[in-house]
Amino acid sequence: MIDIKTALSNATEMLADIHDTARIDAEILLAYTLSKTRTYLYTHPEQNLNTEQYQRFRDLVKERRLGRPVAYLIKMREFWSLPLKVSESTLIPRPETELIVELCLRLIPDHTDIRIIDLGTGSGAIALALAKERPQWEVYACDISQQAIDIARENAASLNITNIRFFQSDWFSAIPDAIQFHAIVSNPPYIPQADPHLQQGDLRFEPQSALASGEDGLTAIRDIMQQSIARLKRDGLLLIEHGYDQKTVVGSMLKDYGYQNLQCWKDVQGLDRVSGGRLLKVDE
1 MIDIKTALSN
11 ATEMLADIHD
21 TARIDAEILL
31 AYTLSKTRTY
41 LYTHPEQNLN
51 TEQYQRFRDL
61 VKERRLGRPV
71 AYLIKMREFW
81 SLPLKVSEST
91 LIPRPETELI
101 VELCLRLIPD
111 HTDIRIIDLG
121 TGSGAIALAL
131 AKERPQWEVY
141 ACDISQQAID
151 IARENAASLN
161 ITNIRFFQSD
171 WFSAIPDAIQ
181 FHAIVSNPPY
191 IPQADPHLQQ
201 GDLRFEPQSA
211 LASGEDGLTA
221 IRDIMQQSIA
231 RLKRDGLLLI
241 EHGYDQKTVV
251 GSMLKDYGYQ
261 NLQCWKDVQG
271 LDRVSGGRLL
281 KVDE
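Sequence positions in the sequence shown follow full-length UniProt numbering and run 1 to 284.
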């Protein structure tokens with residue numbers, strides 16, 4: 001028999017030379033194994049694990065040591081304070097992506113007739129956060145992966161969010177042509193296909209189609225900018241997440257496609273992360 005304190009100590013040691021979040025990872029994995037909170041681990045360090053619990057915990061730690069993301073091991077990631085189910089068919093939501101949610105809430109009027117779409121929704125993170133914050137909005141979410149859409153629908157059901165519609169769609173391909181939006185948002189793939197980081201760390205385990213996009217990493221962004229022209233209402237807003245070093249090229253692309261009032265916003269780490277603009281001359 002081994003107690004919680006010792007199990008955490010052993011696991012932290014196993015992960016210390018691989019991950020700089022070793023202690024946190026160990027706590028999350030043990031809390032998941034025991035179906036308890038991390039606070040419970042702090043207040044019950046002397047509690048013993050039975051053989052089955054300890055073996056399950058050790059197996060998870062071994063998987064983490066091999067690089068598999070914690071979110072995939074526990075099948076959950078929090079985004080905008082919402083617990084979201086994730087799988088290896090979906091990108092793991094990142095804290096910096098919450099910037100898109102913040103910008104939408106700040107820049108879009110809090111009206112009842114707002115229609116917005118999240119392109120490449122994955123687990124549904126952005127769309128569900130917006131639908132939760134603005135229950136009067138009509139939120140659309142699409143992804144080319146049916147597996148991702150299934151996960152997003154599960155998340156909507158578990159969170160009891162009903163003002164959202166899901167589509168298995170290659171960008172707008174499955175969205176009826178007559179439907180236009182007050183805002184279009186996306187965290188698309190934006191890493192160049194040959195970038196060595198795709199074969200390192202957690203990225204090795206995430207769907208490459210949700211990470212990489214063409215030789216320059218900009219194929220998806222180009223497609224979204226071009227296709228959004230016909231889908232935005234007059235004065236419609238387009239917001240796109242991109243790499244920290246892509247501000248200049250993304251801004252130039254927005255200008256070339258006719259978007260105006262261009263801006264780039266920094267994420268919580270002070271890095272250029274989201275660029276956007278409006279189509280001021282597009283008729284409904």
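We put the CB at the ideal spot given by N, CA and C, even for glycine. As the structure is a prediction and not an experimental result, all values here were calculated from the model.
Bridge partners - residue i, DSSP secondary structure assignment
{"i": "G124", "result": "Answer is none; G124 lacks a bridge partner."}
{"i": "V139", "result": "I116, I164"}
{"i": "K266", "result": "D272"}
{"i": "L238", "result": "I184, G277"}
{"i": "L49", "result": "I2"}
Pairwise C-alpha distance: residue j and residue i
{"i": "A157", "j": "G122", "result": "15 Å"}
{"i": "L280", "j": "Y32", "result": "49 Å"}
{"i": "Q260", "j": "H182", "result": "15 Å"}
{"i": "L239", "j": "V101", "result": "10 Å"}
{"i": "T273", "j": "H242", "result": "One detail in the question is off: residue 273 reads as Arg in this sequence, not Thr. C-alpha separation (whole angstroms): 5 Å."}
{"i": "D283", "j": "L119", "result": "Residue placement at D283 is flagged as unreliable, the pLDDT there being 49, under the threshold of 50; the coordinate-derived value follows with that caveat. Roughly 22 Å between the two C-alpha positions."}
{"i": "Y40", "j": "L91", "result": "29 Å"}
{"i": "S9", "j": "F205", "result": "26 Å"}
{"i": "D177", "j": "K85", "result": "31 Å"}
{"i": "G277", "j": "M225", "result": "10 Å"}
{"i": "A210", "j": "S145", "result": "10 Å"}
{"i": "I2", "j": "I24", "result": "19 Å"}
{"i": "N160", "j": "N50", "result": "36 Å"}
{"i": "Q55", "j": "H111", "result": "53 Å"}
{"i": "C264", "j": "Y42", "result": "42 Å"}
{"i": "K255", "j": "I74", "result": "42 Å"}
{"i": "N187", "j": "K62", "result": "31 Å"}
Boundaries of the alpha helix (DSSP H) in which residue i is found, first to last residue
{"i": "E154", "result": "146-158"}
{"i": "D29", "result": "In the sequence as displayed, the identity of residue 29 is Leu instead of Asp. Segment 22-34, the alpha helix (DSSP H) holding L29."}
{"i": "L254", "result": "247-256"}
{"i": "L107", "result": "98-107"}
Short Cβ contact (8 Å threshold) for residue i with residue j
{"i": "S275", "j": "G258", "result": "no"}
{"i": "A141", "j": "I164", "result": "yes"}
{"i": "V268", "j": "P95", "result": "yes"}
{"i": "R64", "j": "L15", "result": "yes"}
{"i": "A125", "j": "T162", "result": "no"}
{"i": "G67", "j": "D223", "result": "no"}
{"i": "F57", "j": "A131", "result": "no"}
{"i": "L103", "j": "Q180", "result": "no"}
{"i": "V70", "j": "I4", "result": "no"}
{"i": "A212", "j": "L198", "result": "yes"}
{"i": "I149", "j": "F172", "result": "no"}
{"i": "A26", "j": "T12", "result": "yes"}
Short CB-CB distance (under 8 Å) between residue i and chain D
{"i": "T90", "result": "Here chain D cannot be found, since the structure has a single protein chain."}
Residue i, enclosing beta strand (DSSP E) - first and last residue
{"i": "R77", "result": "76-79"}
Distance cut-off 7 Å: residue i Cβ against heavy atoms of the ligand FAD
{"i": "Y244", "result": "Absence of the ligand FAD from the depicted structure is noted, as is the absence of any ligand whatsoever, leaving it without description."}
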